[in-house]
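Novice:
In full-length UniProt numbering, the protein residues as written are 1 to 287.
Pasting the structure below:
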């Protein structure tokens, strides 16, 4: 069980208020997060090419949600790694937000082989039956395939970044350790001292392999990610010679503070962190 995901959800669920279960990648909110808060942000598709796509990974067709400025080529590419809930409406909206900034943003459904993460209402069951069955090796290979797909669509993968939330935040760190060609990364409240798939190394254990500049965005009141684990990772990165990573820890701020559709949302921290993320990408040539 991942305590921070459970803590950041409201008790009880109302399937009639604002939320609806996803039926296609990027469509609707995951069942486990309903009801959706009234403050949920919705970004339009005006000026964008946006919607579900399919990415070939060998013989497997992996669903994904893509958004980019319409009619543009040679766009910098940002991979978006979802929370444990898969690529539902919030993650699709993050892609649209990035596309409005001039990026080809794409969120692959990294749990597609394991099951439909968006259909689960029970979080412990979702974690045991889906999330914990997705090893880093599979996830990283799927992200590699996503990068190759983006290049074929006219994306400039010489300007490549990744960002992700919770499970996707850890995936962001993991992919930074996997892909030395990554230009930059922004990890939102991703655990660094534990893994989800049994046998996978922690982010701290892989620190020496991380070459890219990674910005870590965390809440000091996150009950599942102790601040001292971030200090351990920072020390491990510096010991390995990587002085390009930075951490921002927001005081009195819980897990999932950027998730505007959930009770954990903290607007001031979310707005500040989003501005820092965009600046981080620009600073490291992903623009």
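Note that CB positions come from ideal geometry on N, CA and C, so glycine has one too.
1) On the three-state DSSP scale, how would you describe residue 27?
2) Quick one: using the 10 Å Cβ neighbour count with 16 as the cut-off for buried, is residue 180 buried or exposed?
3) Taking residue 242 as the reference, which of 209, 259, 103 and 257 has the closest Cα?
4) Grouping DSSP H, G and I as helix and E and B as strand, with all else coil, what is residue 102?
5) If I measure Cβ to Cβ from residue 74 and keep anything under 7 Å in the same chain, skipping five residues before and after, which residues do I get?
6) Specify, as a first and last residue, the run of the alpha helix (DSSP H) that residue 124 falls within.
7) From which residue to which residue does the beta strand (DSSP E) around residue 68 run?
8) Identify whether residue 22 lies in helix, strand or coil by the three-state DSSP scheme.
9) By how many angstroms is the C-alpha of residue 38 removed from the C-alpha of residue 250?
10) Please report the distance separating the alpha-carbon of residue 219 from that of residue 36.
11) Under the rule that 16 or more other beta-carbon atoms within 10 Å means buried, what is residue 68, buried or exposed?
12) Could you tell me the distance, in whole angstroms, from the CA atom of residue 111 to the CA atom of residue 117?
13) Could you please give the first and the last residue of the uninterrupted beta strand (DSSP E) stretch that includes residue 53?
14) Give me, in chain order, the residues of the same chain whose beta-carbon lies closer than 7 Å to that of residue 211; leave out the 5 immediate sequence neighbours on both sides.
15) When the Cα of residue 245 is compared with those of 215, 223, 235 and 80, which residue comes out closest?
16) Contact defined as beta carbons within less than 8 Å: I believe residue 168 pairs with residue 191. What is the distance between those atoms, to the nearest angstrom?
17) Leaving out the 5 sequence neighbours to the left and right, which residues in its chain are closer than 6 Å to residue 25 when beta-carbon positions are compared?
18) With distances taken from CA atoms, which of 280, 132 and 202 is nearest residue 247?
19) For residue 159, is the classification buried or exposed, using 16 other Cβ atoms within 10 angstroms of its Cβ as the cut-off for buried?
20) Rounded to whole angstroms, what's the CA-CA distance from residue 202 to residue 194? Just pull it up for me.
21) Closest to residue 79 by C-alpha separation, out of 198, 171 and 48, would be which residue?
22) For residue 120, is the classification buried or exposed, using 16 other Cβ atoms within 10 angstroms of its Cβ as the cut-off for buried?
23) Could you tell me the alpha carbon to alpha carbon distance between residue 182 and residue 104, rounded to whole angstroms?
24) Grab the span of the alpha helix (DSSP H) containing residue 219 for me, first residue to last.
25) Helix, strand or coil for residue 163, going by three-state DSSP, please let me know.
26) Could you please give me the residues that DSSP links to residue 230 through a beta bridge?
27) With distance defined between alpha-carbon atoms, name the residue in 283, 31 and 236 nearest to residue 207.
28) With distances taken between CB atoms, is the gap from residue 184 to residue 213 smaller than 8 Å?
Specialist: Checking against the coordinates, here is how it stands:
1) If DSSP states are grouped into helix, strand and coil, residue 27 belongs with the strands.
2) Classification of residue 180: exposed, given that the 10 Å Cβ count is below 16.
3) Measuring from the Cα of residue 242, the nearest candidate turns out to be 209.
4) Three-state DSSP puts residue 102 in coil, outside helix and strand.
5) The residues are 154 and 156.
6) Unbroken alpha helix (DSSP H) run through residue 124: 123-129.
7) Judged by DSSP secondary structure, residue 68 falls within the beta strand (DSSP E) whose first and last residues are 60-69.
8) The predicted model places residue 22 with a pLDDT of 44, which falls under 50 and marks its position as unreliable, so this point remains unresolved.
9) Approximately 24 Å, taken between the alpha carbons.
10) The alpha-carbon atoms of residue 219 and residue 36 are separated by roughly 21 Å.
11) By the neighbour-count rule (16 or more Cβ atoms within 10 Å), residue 68 is buried.
12) Their Cα atoms are separated by approximately 7 Å.
13) 48-57 is the span of the beta strand (DSSP E), which, as asked, contains residue 53.
14) Scanning its chain for C-beta atoms nearer than 7 Å, with the 5 sequence neighbours on each side dropped, one finds around residue 211 the residues 180 and 242, in chain order.
15) Closest by C-alpha distance to residue 245, out of 215, 223, 235 and 80, is 215.
16) Under the criterion of beta carbons closer than 8 Å, residue 168 and residue 191 do not qualify as touching, at roughly 11 Å.
17) Hits under 6 Å: 52, 63, 65, 87 and 109.
18) Across the set 280, 132 and 202, the C-alpha of 280 shows the shortest separation from the C-alpha of residue 247.
19) If you draw a 10 Å sphere on the C-beta of residue 159, you find 16 or more other C-beta atoms in it, and that means buried.
20) Near 5 Å, if we compare the C-alpha coordinates of residue 194 and residue 202.
21) Answer by Cα proximity: 171.
22) Counting of Cβ neighbours within 10 angstroms places residue 120 among the buried residues, the total reaching 16 or more.
23) The alpha-carbon atoms of residue 182 and residue 104 are separated by roughly 15 Å.
24) Premise fails: residue 219 lies in the beta strand (DSSP E), 214-219, not in any alpha helix (DSSP H).
25) Note: residue 163 maps to strand in three-state DSSP.
26) Per DSSP, none; premise fails for residue 230.
27) When only C-alpha atoms are compared, the closest one is 236.
28) Yes. Within cutoff.
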